[in-house]
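What follows is a single structure, written as structure tokens, with notes after it.
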Amino acid sequence: MNDDQGEATPGDHPDADVEVEMLHGVPVLHSGDQVTLPPSREEYVELLERLREQGFWVCVDLCAVDYLTHPGRTLPPGMEAGRFEVVVGLLSPERRERIRVRVQVPGEDPRLDSIVRVHPGADVHEREAWDLFGIDFEGHPDLSRILLPDEWVGHPLRKDSPVGSIPVQFKAPQELRR
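According to the working numbering, the stretch in the sequence shown is residues 999 to 1176, in order.
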């Protein structure tokens, strides 16, 4: 509602005919002063290439999120939420601006094209997301474990990963063992 007049504004109704802001063919979401772009998996690498050409050449971070138990999140109309989301933070030092890219990755097909050829520094971030969440970054030069031992089975940050434990033996201080 418009606070001044008590009238409805276009943003009050989810079905309202509101013109969606677009950038490089991708809808723009705003969270405070942060611009977020949610491309499809097919648009993902091409969008990052275009943003790099516009000066967003620093890939600050790439991480994954598992929304298995919390499926709700803000997405543009018509975009289907995936179980996983890969989030990329980009920075343009010259423009002093940041952009966040959020791409949906379905749980039944957890794969996404690698961005290592666009942002070589994303190499370890993609390996970490694969290691902990099991998202396959196609075209990655060395998608191998980075945090867990090679013999580890599964991806421990998935919400449906069984909670396990490593047995820990506690010992009393030396003076109490006598």
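Virtual Cβ for every residue (Gly too), placed ideally from N, Cα, C.
Just so we're clear, the structure is a prediction, and the values are computed from it rather than from any experiment.
Proximal residues to residue i (C-beta, below 6 Å), its chain only, five neighbours per side dropped
{"i": "S1090", "result": "G1053, F1054"}
{"i": "V1086", "result": "L1060, V1099"}
Simplified DSSP assignment, three categories, for residue i
{"i": "L1145", "result": "coil"}
{"i": "V975", "result": "Missing from the structure shown is residue 975; the chain here goes from 999 to 1176 and no further."}
{"i": "P1012", "result": "Note that P1012 scores a pLDDT of 48, beneath 50, so its modelled location is shaky; the value from the coordinates is reported in the next line. P1012: coil per DSSP, three-state reduction."}
{"i": "P1104", "result": "coil"}
Limits of the unbroken beta strand (DSSP E) element including residue i
{"i": "L1110", "result": "1109 to 1111"}
{"i": "E1124", "result": "Run containing E1124: none in the beta strand (DSSP E); it sits in the alpha helix (DSSP H), 1121 to 1131."}
{"i": "D1134", "result": "1134 to 1136"}
{"i": "V1151", "result": "Careful: V1151 lies outside any beta strand (DSSP E) and carries neither H nor E."}
{"i": "H1028", "result": "1027 to 1029"}
{"i": "V1033", "result": "1032 to 1035"}
Pairwise C-alpha distance: residue j and residue i
{"i": "Q1102", "j": "D1121", "result": "20 Å"}
{"i": "P1118", "j": "G1076", "result": "32 Å"}
{"i": "V1116", "j": "V1056", "result": "10 Å"}
{"i": "G1070", "j": "T1034", "result": "17 Å"}
{"i": "P1160", "j": "P1154", "result": "8 Å"}
{"i": "A1062", "j": "F1082", "result": "7 Å"}
{"i": "E1078", "j": "G1030", "result": "23 Å"}
{"i": "D1111", "j": "E1040", "result": "8 Å"}
Point to revise | 4-residue-minimum alpha helix (DSSP H) runs that sit fully inside the region 1037 to 1100, ordered along the chain | key: 1042 to 1051
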